[in-house]
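Taking it in order: structure first as C-alpha coordinates, then the write-up.
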Amino acid sequence: MAVQPWRGAPQPWEQWQPVPSPQAAMRAAHADRERTVDVLKAAYAEGRLGSDEYGQRVDSAYRALTYGELAQLVSDLPSGPMVLPMGGAAPMMPVMPVVPMVPPTFAPPPRPAPTNHLAVASLVLGLFGFLPFGIASVPAVVFGHVAKSQIRGSGEQGDGMATAGAVLGWLGVAFWAMILLLVVAG
(Lines of atoms letter the chains of each structure in order from A and count residues from 1; the text may use other names and numbers.)
(Lines give C-alpha, C1' and ligand atoms only; values in the text may rest on other atoms or scores of the structure.)
Protein backbone atom coordinates (compact mmCIF):
# COMPACT_ATOMS: atom_id res chain seq x y z
CA MET A 1 0.00 0.00 0.00
CA ALA A 2 1.47 3.35 -0.97
CA VAL A 3 2.18 6.09 1.53
CA GLN A 4 -0.26 8.94 1.16
CA PRO A 5 1.48 12.26 1.85
CA TRP A 6 -1.54 13.86 3.51
CA ARG A 7 -1.97 10.97 5.93
CA GLY A 8 1.59 9.93 6.70
CA ALA A 9 2.62 6.29 7.10
CA PRO A 10 0.01 3.56 6.59
CA GLN A 11 -1.99 2.78 9.69
CA PRO A 12 -1.81 -0.73 11.24
CA TRP A 13 -5.32 -1.59 10.10
CA GLU A 14 -4.45 -0.53 6.57
CA GLN A 15 -1.47 -2.92 6.40
CA TRP A 16 -3.56 -5.98 7.26
CA GLN A 17 -4.56 -7.93 4.19
CA PRO A 18 -7.79 -9.91 4.61
CA VAL A 19 -8.00 -13.51 3.54
CA PRO A 20 -9.24 -13.40 -0.06
CA SER A 21 -12.81 -14.57 -0.16
CA PRO A 22 -15.83 -13.90 -2.37
CA GLN A 23 -17.52 -12.10 0.54
CA ALA A 24 -14.63 -9.62 0.94
CA ALA A 25 -15.25 -8.27 -2.57
CA MET A 26 -19.01 -7.88 -2.08
CA ARG A 27 -20.31 -4.35 -1.90
CA ALA A 28 -21.28 -3.18 1.57
CA ALA A 29 -24.57 -1.50 2.42
CA HIS A 30 -25.08 1.52 4.65
CA ALA A 31 -26.26 -0.76 7.48
CA ASP A 32 -22.96 -2.68 7.25
CA ARG A 33 -21.03 0.57 7.58
CA GLU A 34 -23.13 1.52 10.62
CA ARG A 35 -22.39 -1.86 12.27
CA THR A 36 -18.69 -1.26 11.72
CA VAL A 37 -18.96 2.24 13.21
CA ASP A 38 -20.76 0.73 16.22
CA VAL A 39 -17.81 -1.64 16.75
CA LEU A 40 -15.44 1.31 16.50
CA LYS A 41 -17.54 3.32 18.98
CA ALA A 42 -17.39 0.46 21.46
CA ALA A 43 -13.62 0.17 21.04
CA TYR A 44 -13.21 3.93 21.54
CA ALA A 45 -15.43 3.86 24.65
CA GLU A 46 -13.33 1.01 26.07
CA GLY A 47 -10.13 2.97 25.49
CA ARG A 48 -8.81 0.67 22.76
CA LEU A 49 -8.65 3.52 20.21
CA GLY A 50 -7.43 7.08 20.55
CA SER A 51 -9.60 9.92 19.32
CA ASP A 52 -7.51 10.56 16.18
CA GLU A 53 -7.43 6.89 15.22
CA TYR A 54 -11.15 6.56 15.96
CA GLY A 55 -11.93 9.53 13.69
CA GLN A 56 -9.78 8.15 10.86
CA ARG A 57 -11.35 4.71 11.09
CA VAL A 58 -14.91 6.13 11.15
CA ASP A 59 -14.13 8.24 8.06
CA SER A 60 -12.68 5.17 6.35
CA ALA A 61 -15.76 3.14 7.33
CA TYR A 62 -18.11 5.63 5.70
CA ARG A 63 -15.95 5.64 2.54
CA ALA A 64 -15.63 1.83 2.39
CA LEU A 65 -17.27 0.12 -0.56
CA THR A 66 -16.75 -3.59 0.25
CA TYR A 67 -16.99 -5.97 3.18
CA GLY A 68 -13.26 -6.55 2.97
CA GLU A 69 -12.55 -2.85 3.58
CA LEU A 70 -14.90 -2.82 6.57
CA ALA A 71 -13.43 -6.02 8.00
CA GLN A 72 -9.97 -4.48 7.74
CA LEU A 73 -11.04 -1.56 9.97
CA VAL A 74 -12.09 -3.77 12.90
CA SER A 75 -9.78 -6.76 12.43
CA ASP A 76 -7.50 -5.82 15.35
CA LEU A 77 -10.38 -5.19 17.77
CA PRO A 78 -11.85 -7.82 20.13
CA SER A 79 -15.18 -7.87 18.34
CA GLY A 80 -13.33 -8.91 15.23
CA PRO A 81 -14.56 -8.69 11.67
CA MET A 82 -18.32 -8.61 12.19
CA VAL A 83 -19.13 -7.08 8.86
CA LEU A 84 -19.29 -10.18 6.67
CA PRO A 85 -22.56 -10.78 4.87
CA MET A 86 -25.07 -13.25 6.29
CA GLY A 87 -23.76 -16.77 6.04
CA GLY A 88 -20.15 -15.72 5.42
CA ALA A 89 -17.54 -16.98 7.84
CA ALA A 90 -14.96 -14.66 9.33
CA PRO A 91 -11.38 -15.50 8.36
CA MET A 92 -9.61 -17.87 10.75
CA MET A 93 -12.74 -18.37 12.83
CA PRO A 94 -14.73 -21.59 13.10
CA VAL A 95 -18.02 -21.54 11.25
CA MET A 96 -20.81 -21.50 13.79
CA PRO A 97 -24.45 -22.10 12.91
CA VAL A 98 -26.47 -18.90 12.83
CA VAL A 99 -29.34 -19.08 15.28
CA PRO A 100 -31.68 -16.13 14.97
CA MET A 101 -32.50 -14.51 18.30
CA VAL A 102 -36.21 -13.79 18.59
CA PRO A 103 -37.30 -11.42 21.35
CA PRO A 104 -39.71 -13.15 23.77
CA THR A 105 -42.42 -10.71 22.67
CA PHE A 106 -42.44 -12.17 19.17
CA ALA A 107 -41.80 -15.80 20.08
CA PRO A 108 -44.77 -18.14 19.90
CA PRO A 109 -46.46 -18.68 23.26
CA PRO A 110 -45.25 -21.72 25.16
CA ARG A 111 -47.38 -24.80 24.78
CA PRO A 112 -49.23 -25.61 27.99
CA ALA A 113 -48.62 -28.95 29.61
CA PRO A 114 -51.25 -31.57 28.71
CA THR A 115 -54.11 -32.27 31.09
CA ASN A 116 -54.12 -35.58 32.93
CA HIS A 117 -56.88 -37.80 31.53
CA LEU A 118 -57.60 -39.47 34.86
CA ALA A 119 -58.24 -36.03 36.39
CA VAL A 120 -60.88 -35.33 33.75
CA ALA A 121 -62.43 -38.77 34.27
CA SER A 122 -62.46 -38.23 38.05
CA LEU A 123 -64.30 -34.92 37.71
CA VAL A 124 -66.88 -36.33 35.28
CA LEU A 125 -67.49 -39.42 37.45
CA GLY A 126 -67.69 -37.21 40.55
CA LEU A 127 -70.44 -35.16 38.91
CA PHE A 128 -72.35 -38.34 38.04
CA GLY A 129 -71.84 -39.74 41.57
CA PHE A 130 -75.17 -38.38 42.80
CA LEU A 131 -77.16 -40.30 40.20
CA PRO A 132 -79.07 -43.34 41.46
CA PHE A 133 -76.97 -45.93 43.29
CA GLY A 134 -73.85 -43.70 43.23
CA ILE A 135 -71.98 -46.25 41.18
CA ALA A 136 -69.66 -43.56 39.76
CA SER A 137 -68.56 -42.19 43.17
CA VAL A 138 -66.02 -44.90 44.03
CA PRO A 139 -64.19 -44.72 40.66
CA ALA A 140 -64.20 -40.89 40.98
CA VAL A 141 -62.34 -41.17 44.30
CA VAL A 142 -59.87 -43.74 42.96
CA PHE A 143 -59.21 -41.84 39.71
CA GLY A 144 -58.85 -38.54 41.62
CA HIS A 145 -56.13 -39.89 43.93
CA VAL A 146 -54.27 -41.71 41.13
CA ALA A 147 -54.44 -38.57 38.94
CA LYS A 148 -53.00 -36.40 41.74
CA SER A 149 -50.02 -38.73 42.17
CA GLN A 150 -49.42 -38.83 38.40
CA ILE A 151 -49.62 -35.03 38.18
CA ARG A 152 -47.02 -34.64 40.94
CA GLY A 153 -44.62 -36.87 38.98
CA SER A 154 -45.23 -35.68 35.42
CA GLY A 155 -46.01 -31.96 35.77
CA GLU A 156 -49.26 -32.29 33.83
CA GLN A 157 -52.20 -29.98 34.41
CA GLY A 158 -55.47 -30.98 36.04
CA ASP A 159 -54.65 -30.91 39.75
CA GLY A 160 -57.81 -28.91 40.49
CA MET A 161 -59.97 -31.29 38.46
CA ALA A 162 -58.50 -34.29 40.25
CA THR A 163 -59.16 -32.69 43.64
CA ALA A 164 -62.71 -31.71 42.68
CA GLY A 165 -63.39 -35.20 41.31
CA ALA A 166 -62.08 -36.85 44.49
CA VAL A 167 -64.07 -34.50 46.75
CA LEU A 168 -67.26 -35.00 44.72
CA GLY A 169 -66.62 -38.75 44.77
CA TRP A 170 -66.26 -38.77 48.57
CA LEU A 171 -69.40 -36.62 48.91
CA GLY A 172 -71.24 -39.06 46.63
CA VAL A 173 -70.04 -42.03 48.71
CA ALA A 174 -71.12 -40.24 51.93
CA PHE A 175 -74.48 -39.30 50.42
CA TRP A 176 -75.26 -42.85 49.29
CA ALA A 177 -73.97 -44.33 52.57
CA MET A 178 -76.33 -42.04 54.49
CA ILE A 179 -79.23 -42.98 52.18
CA LEU A 180 -78.39 -46.67 52.72
CA LEU A 181 -78.31 -46.19 56.53
CA LEU A 182 -81.64 -44.36 56.49
CA VAL A 183 -83.24 -47.15 54.41
CA VAL A 184 -81.85 -49.87 56.68
CA ALA A 185 -82.78 -48.00 59.89
CA GLY A 186 -86.18 -47.02 58.66
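This note's numbering applies: residue 23 is where the sequence shown begins, and numbers increase by one. Yeah, the Cβ is synthetic: ideal placement off N, Cα and C, and Gly gets one too.
Item                                                                                                                                                                  : Value
Report the three-state DSSP secondary structure of Arg49 (helix, strand or coil).                                                                                     : strand
What does Gln179 pair with, by DSSP beta-bridge criteria?                                                                                                             : Thr137
Could you check the C-alpha separation between Phe155 and Ala199 for me, to the nearest Å?                                                                            : 10 Å
Return the chain-ordered list of same chain residues with a C-beta closer than 6 Å to the C-beta of Leu161, the five sequence neighbours on each side being excluded. : Per the sequence shown, the amino acid found at residue 161 is Pro instead of Leu. Counting only Cβ-Cβ distances below 6 Å, and skipping sequence neighbours, we find Leu147.
What does a CB cutoff of less than 7 Å around Gly180 pick up in its chain, not counting 5 residues either side in sequence?                                           : Thr137, Asn138, Ala141, Val142, Ala169, Ile173
Per DSSP, what are the beta-bridge partners of Thr88 in this structure?                                                                                               : Arg49
Quick check: Ser144 and Ala196, are their CB atoms within less than 8 Å of each other?                                                                                : no
Can Gly194 and Gly151 be called in contact, C-beta distance under 8 Å?                                                                                                : yes
Under the rule that 16 or more other beta-carbon atoms within 10 Å means buried, what is Arg79, buried or exposed?                                                    : buried
By how many angstroms is the C-alpha of Pro134 removed from the C-alpha of Gly177?                                                                                    : 11 Å
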